Amino acid sequence: MSVINIEHTETTPKVIFNKEKGVFIIEGKTLPENVNQFYEPLFDWLNNYVNNPNDETILEIKLEYINTASSKAIFSVFLKLEKIIENGGKAKIKWYYADDDEDMKDVGEEYADVIKVPFEHIEFESED
Amino acid sequence: MKPNFIDFVFDLFSHLRKNNIKLIYEGEISHDIIKAFTALTENDLKERNESNPTLKKVFNIMVESLQNISKHADCIDERISKNGRGILLVSETDDCYNITTGNVIKNDAAVRIKKDIDAINELSKNELRELFKKKLSSGRLSEKGGAGLGFIDIRRKSNNKLDYNFQKIDNNKVFYILNTVIEKL
């Protein structure tokens, strides 16, 4: 399966989807000009992956900023993992947030409430 | 220079100083403009040693308010540009930042916005959380990429009611002002 490896920009996150290495990461800022344009290729990739996933899929999310349009897109990404679980597979979301970022902590908890995928909430020390 | 113009420039300067305006802009709200102003404001706040939470809230609310304009404002002329046009003001007092945006919208949009904001303003913290979750998990992104979550997000991040006003332009259009207060943390 192809590997997705996108460098971060000021308004889009770094994304790695690598089935062979079992690495799934979305990290940085997500406030793209055109949300659909950025996320469509990721959905396409995930749709393929869901049909033949690894034994366990761990998606690591480490966001600095998320705009509301992106929060819908990220929700759709999480739905793909939900699909894996519905199909009898294993999946988990690791949600990272800075210790001084109460808002990002809340966002993670809200996702965990509406997505049927186990969440692990992980606090890390803010750099500043 | 004509005396009128000199008066205008000096008045503008005095008003900006008096109201502690840190940034003012009128024009097209493109993605590049949003990127530039949020970066500028972020750097400015960092230099002034504002806390991370304050910085992130200001950044987030600027993005949501400006993306709102870029998606929904009436264009002056669609043949020239697809971007919305509006104004942005960032101002500061001792204990808070104000993000103010203004743009021209049609009357029916104003009715919708008023209804949305009034409803959101009445909700408690918990109700806002539940509404956000509900909207997050239902419906698709609109063609323009709006998620219907912007006002809820601004209201929650600012911990303040949304303050808005409409000024009549003509029989079809109003100038819509949205002001968000973010207390320094």
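Keeping their order, the protein sequence lines are chains H and B. When we follow my numbering, the leftmost residue of the first sequence carries the number 1, and every step to the right adds one. When we follow my numbering, the leftmost residue of the second sequence carries the number 1001, and every step to the right adds one. Ideal Cβ positions, reconstructed from N, Cα and C, are used throughout, including at glycine. Being a predicted model, the structure only gives us computed values, none of them experimental.
Query                                                                                                                                                                         : Result
Nearest by alpha-carbon distance to B/LEU1131: which of H/LYS116, H/GLU110, H/VAL117 is it?                                                                                   : H/GLU110
One question on the structure: do H/GLU60 and H/ALA98 come within less than 9 Å of each other, judged by their Cβ atoms?                                                      : no
For H/PHE75 versus H/TYR49, is the C-beta distance shorter than 9 Å?                                                                                                          : no
Below 8 Å on the Cβ atoms is my guess for H/LEU42 versus H/ILE4; work out the distance and round it to an integer in Å.                                                       : 7 Å
Using a cut-off of 7 Å between C-beta atoms, extract the partners of H/THR57 located in chain B.                                                                              : In chain order: nothing, as chain B lies at least about 20 Å away.
May I ask you to verify whether the region 1151-1169 of chain B touches the region 1103-1118 of chain B, counting CB pairs closer than 8 Å and requiring at least 3?          : yes
Less than 9 Å between the C-beta atoms of B/THR1038 and B/VAL1063, yes or no?                                                                                                 : yes
So if DSSP puts B/VAL1181 in a beta bridge, which residue, or which two residues, is it bridged to?                                                                           : B/ASN1098
So H/HIS8 is in the alpha helix (DSSP H); what residue range does that whole segment cover?                                                                                   : No alpha helix (DSSP H) holds H/HIS8; DSSP gives it neither H nor E.
Out of curiosity, what's the CA-to-CA distance linking H/LYS19 and H/ASP101?                                                                                                  : 31 Å
Is B/LEU1045 near B/VAL1058, with beta carbons less than 9 Å apart?                                                                                                           : yes
Where does B/ARG1048 fall in DSSP's three states?                                                                                                                             : coil
Can you tell which of B/ILE1006, B/ASN1052, B/LEU1023, B/GLU1028 has the C-alpha that lies nearest to the C-alpha of H/GLU125?                                                : B/ASN1052
I need the DSSP call for H/GLU125, collapsed to helix, strand or coil.                                                                                                        : coil
Does H/ASP103 get closer than 9 Å to chain B when you measure Cβ to Cβ?                                                                                                       : yes
Output needed for B/CYS1096: all residues of its chain with C-beta closer than 7 Å, excluding positions within five of it in sequence on either side, in chain order.         : VAL1181, ILE1182, GLU1183, LYS1184
Look up B/LEU1131 in the DSSP assignment and say whether it is helix, strand or coil.                                                                                         : helix
Could you confirm whether any beta carbon from chain B is found closer than 9 Å to the beta carbon of H/SER2?                                                                 : no
May I ask you to verify whether the region 64-73 of chain H touches the region 27-43 of chain H, counting CB pairs closer than 8 Å and requiring at least 3?                  : yes
Count the other CB atoms within 10 Å of the CB of H/PHE24; is the residue buried (16 or more) or exposed (fewer)?                                                             : buried
Tell me the rounded alpha-carbon separation between B/ALA1110 and H/ILE84.                                                                                                    : 43 Å
With DSSP collapsed to three states, give me the class of B/ASN1165.                                                                                                          : strand
Can you give me the C-alpha to C-alpha distance between B/LEU1178 and B/TYR1164, rounded to a whole angstrom?                                                                 : 5 Å
Excluding the 5 residues preceding and the 5 following B/ASN1060 in the sequence, name in chain order all residues of the same chain whose CB lies nearer than 6 Å to its CB. : LYS1157
Got a sec? Which residues, its chain only, sit under 8 Å from H/ASP7 by beta carbon, not counting five neighbours each side?                                                  : In the sequence under discussion, the amino acid at residue 7 of chain H is Glu, which differs from the Asp named in the question. Here the set comprises LYS14.
Less than 8 Å between C-beta atoms, sequence neighbours within five positions excluded: which residues of the same chain meet that for B/ASN1098?                             : LEU1089, VAL1090, SER1091, GLU1092, ASN1179, THR1180, VAL1181, ILE1182
Check H/GLU109 in the structure and name its three-state DSSP category.                                                                                                       : helix
Looking at chain B, is there any beta carbon in it that lies within less than 9 Å of the beta carbon of H/ASP72?                                                              : For clarity, residue 72 of chain H is Lys in the given sequence; the question names Asp instead. Yes, because at least one Cβ of chain B sits closer than 9 Å to the Cβ of H/LYS72.
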